[in-house]
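The listed protein sequences correspond, in order, to chains A and B.
Taking our numbering, the leading residue of the first sequence gets 391, the next gets one more, and so forth.
Taking our numbering, the leading residue of the second sequence gets 391, the next gets one more, and so forth.
Idealized CB from N, CA, C, for every residue including glycine.
There are 2 protein chains.
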Amino acid sequence: MSTSTPADSACCLPTFQGPLTTEEAEPLAAVFKAVADPVRLRLLSLIEHTEDGEACVCDLTAPLGLSQPTVSHHLKILVEAGLLTRTQRGRWAYFAVQRPALDEFGSLLRRRRETAA
Amino acid sequence: MSTSTPADSACCLPTFQGPLTTEEAEPLAAVFKAVADPVRLRLLSLIEHTEDGEACVCDLTAPLGLSQPTVSHHLKILVEAGLLTRTQRGRWAYFAVQRPALDEFGSLLRRRRETAA
Chain A
391 MSTSTPADSA
401 CCLPTFQGPL
411 TTEEAEPLAA
421 VFKAVADPVR
431 LRLLSLIEHT
441 EDGEACVCDL
451 TAPLGLSQPT
461 VSHHLKILVE
471 AGLLTRTQRG
481 RWAYFAVQRP
491 ALDEFGSLLR
501 RRRETAA
Chain B
391 MSTSTPADSA
401 CCLPTFQGPL
411 TTEEAEPLAA
421 VFKAVADPVR
431 LRLLSLIEHT
441 EDGEACVCDL
451 TAPLGLSQPT
461 VSHHLKILVE
471 AGLLTRTQRG
481 RWAYFAVQRP
491 ALDEFGSLLR
501 RRRETAA
């Protein structure tokens with residue numbers, strides 16, 4: 391494990407920069423916790439791939455096969471983690487992916503999908 | 391949200407490739423769950439930065455300020471998630487970071503640290 395890493399991606403630093411302090415680890419762990427749920431990962435990917443990049447609960451219950459309160463619960467957690475924005479328009483709230491936060495997960499998700507394919 | 395993304399890293403695909411199925415989301419969520427804990431993130435970063443890239447529980451209790459059973463518990467979770475390997479040598483088990491799995495977190499962790507700096 392002490393050898394250098396032949397990373398298969400040229401730009402993405404494939405290592406920790408140094409030992410994390412508790413203060414550094416806590417916010418990271420909080421974001422990981424928000425996405426440590428299959429339904430929430432599916433929600434993020436569904437919203438990301440709607441035509442105009444946003445969705446209301448009414449758009450999301452059918453593809454997930456879950457009730458509106460359950461979907462709303464997961465959306466709330468993603469909003470609180472800073473991964474989704476919430477905009478009220480009339481009677482519905484619309485959710486969109488927070489680009490900078492989700493960008494951080496990009497390479498990870500791509501590699502996982504390539505591995506699974 | 392429907393515009394293309396001016397990603398600040400050239401190689402890391404900053405998006406989901408498509409809506410995730412439950413089968414795709416579940417293993418991803420499991421890995422996120424393993425790292426959704428500040429102690430486990432600190433453990434990974436500590437082991438990564440030991441001189442020879444591996445550590446036994448005896449090396450890790452002091453920097454974390456935690457008891458051996460507690461550290462062992464978290465190490466076990468990281469081994470089960472495929473993020474650490476465990477090698478028994480004499481009376482101690484030595485833990486090393488599983489490179490391919492940790493590589494996936496590299497760019498994420500780097501960005502977080504840069505943001506915090």
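Alpha carbon to alpha carbon, how far is residue i from residue j?
| i | j | result |
| --- | --- | --- |
| GLU441/A | PRO453/A | 15 Å |
| GLU416/B | PRO409/A | 29 Å |
| LEU434/A | GLY443/B | 35 Å |
| GLY509/B | THR412/B | Residue 509/B falls outside the range modelled here, since chain B spans only 391 to 507, and no answer is possible. |
| PHE485/A | VAL421/A | 18 Å |
| PRO404/B | VAL425/A | Here the model assigns PRO404/B a pLDDT of 35, short of 50, so the residue's position is not dependable and the matter cannot be decided. |
| VAL461/B | LEU474/B | 13 Å |
| ALA419/A | VAL447/B | 22 Å |
| PRO459/B | LEU465/B | 10 Å |
| ARG432/A | ASP427/B | 22 Å |
| GLU414/A | LYS423/B | 18 Å |
| HIS463/B | ALA445/B | 15 Å |
| ALA439/A | HIS439/B | As written in the sequence, residue 439/A is His, which differs from the Ala given in the question. Their backbone Cα atoms lie some 38 Å apart in a straight line. |
Is the Cβ-Cβ distance between residue i and residue j less than 8 Å?
| i | j | result |
| --- | --- | --- |
| LEU450/B | LEU468/B | no |
| THR477/A | ALA471/A | no |
Since residue i contacts residue j with CB under 8 Å, what's their CB separation in whole angstroms?
| i | j | result |
| --- | --- | --- |
| ARG456/A | VAL429/A | The displayed chain sequence assigns Leu, not Arg, to residue 456/A. Right, the Cβ-Cβ distance comes to about 7 Å (below 8 Å), so this counts as a contact. |
Identify the residues that DSSP records as bridge partners of residue i: which are they?
| i | result |
| --- | --- |
| THR477/A | TYR484/A |
| CYS448/B | Bridge partners of CYS448/B: none, in fact. |
Verify the contact flag: residue i, CB atom, against every heavy atom of the ligand FAD, threshold strictly below 7 Å.
| i | result |
| --- | --- |
| GLU438/B | Summarising the ligand content, the structure contains no ligands, and the ligand FAD is consequently not present. |
So residue i contacts chain C; which residues on that side make the cut at Cβ distance below 9 Å?
| i | result |
| --- | --- |
| ALA415/B | No chain C is present in this structure, whose protein chains are A and B. |
Under 8 Å (Cβ pairs) to chain B, residues found in the segment 448 to 469 of chain A: PRO453
Contact list for the segment 420 to 449 of chain B against chain A, Cβ threshold 9 Å: ALA420, VAL421, PHE422, LYS423, ALA424, VAL425, ALA426, ASP427, PRO428, VAL429, ARG430, LEU431, ARG432, LEU434, SER435, LEU436, ILE437, GLU438, HIS439, THR440, GLU441, ASP442, GLY443 and GLU444
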